[in-house]
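**Student:** Questions regarding the structure given below will be posed in turn.
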Amino acid sequence: MKTKAIYPGSFDPITFGHLDLLKRSCKIFDDITIAVVVNPHKKPLCSVEERLAMIKKATRGYGCIKIDKFDGLLVDYAKKINATVVIRGLRAIADFEYEFQMALVNRSLNKKLDMVYMMPSVEYTYLSSSIVRELASLHGDISRFVPESVEKLLKEKFKNV
157 MKTKAIYPGS FDPITFGHLD LLKRSCKIFD DITIAVVVNP HKKPLCSVEE
207 RLAMIKKATR GYGCIKIDKF DGLLVDYAKK INATVVIRGL RAIADFEYEF
257 QMALVNRSLN KKLDMVYMMP SVEYTYLSSS IVRELASLHG DISRFVPESV
307 EKLLKEKFKN V
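Each residue of the sequence shown is one higher than the one before, starting from 157 at the first, in our numbering.
Now the structure itself:
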């Protein structure tokens, strides 16, 4: 039986850290849906459509990947697409406390949904989308943190800043 997993996040923007987890997750899971969270309470830099396009370009060639967006509860989305696993990255101790709480809440809402946590490769341990956005806003070199297509998009977004 195939295991269907979800990798949820804002991906604003997608980074090499995200791609590192995805490449390794494809070795473990048969079917992974990258689920871009649509959160009306947040003000993302990139639109949902831009994030979906970024992810599509960045994951070209990943056979196990599907890309989608969702709003509302992750457990409801998981049920809708028949996923049984949620993939999350843990970079530091600070991530653990939040993820632990979310895992307990999600488990109380859907006992069939398992959380799988992956540590990033060493070179991506400190990397986050917010760091990339800040560097890009200050016209720093982000080429070692994001794919070229993402770098171009961020340069365009911040060219007049």
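We treat Cβ as the ideally placed atom computed from N, Cα and C, and that holds for glycine.
Would you mind giving the Cβ-Cβ distance between P200 and V306, rounded to the nearest angstrom? I have them listed as a contact below 8 Å.
**Tutor:** The Cβ separation is near 14 Å, so there is no contact.
**Student:** Under the three-state reduction of DSSP, which class applies to M210: helix, strand or coil?
**Tutor:** In the structure shown, M210 sits in a helix (DSSP, three-state: H, G or I).
**Student:** Identify the residues that DSSP records as bridge partners of P164: which are they?
**Tutor:** In DSSP, P164 forms a bridge with A191.
**Student:** Evaluate contact between the stretch 251–262 and the stretch 289–307, counting only Cβ atoms and requiring at least three cross-stretch pairs below 8 Å.
**Tutor:** No, they do not touch.
**Student:** Below 8 Å CB to CB, which residues in the same chain sit around A234 once its five sequence neighbours on both sides are set aside?
**Tutor:** Counting only Cβ-Cβ distances below 8 Å, and skipping sequence neighbours, we find I162, T240, V242, N266 and L269.
**Student:** Sorted by chain position, which residues of the same chain lie with C-beta nearer than 8 Å to D176's C-beta, five sequence neighbours on each side aside?
**Tutor:** Answer for D176: P276, S277 and Y280, listed in chain order.
**Student:** Under DSSP, the beta strand (DSSP E) around K222 begins and ends at which residues?
**Tutor:** Taken as a continuous stretch (DSSP letters only), the beta strand (DSSP E) holding K222 covers I221 to F226.
**Student:** Closest by CA to R247, which one among F167, T159, H174 and K160?
**Tutor:** Answer by Cα proximity: H174.
**Student:** Does DSSP put D297 in a helix, in a strand, or in coil?
**Tutor:** Coil.
**Student:** For G245, name the three-state secondary structure that DSSP assigns.
**Tutor:** The answer is strand: DSSP assigns G245 an E or B state.
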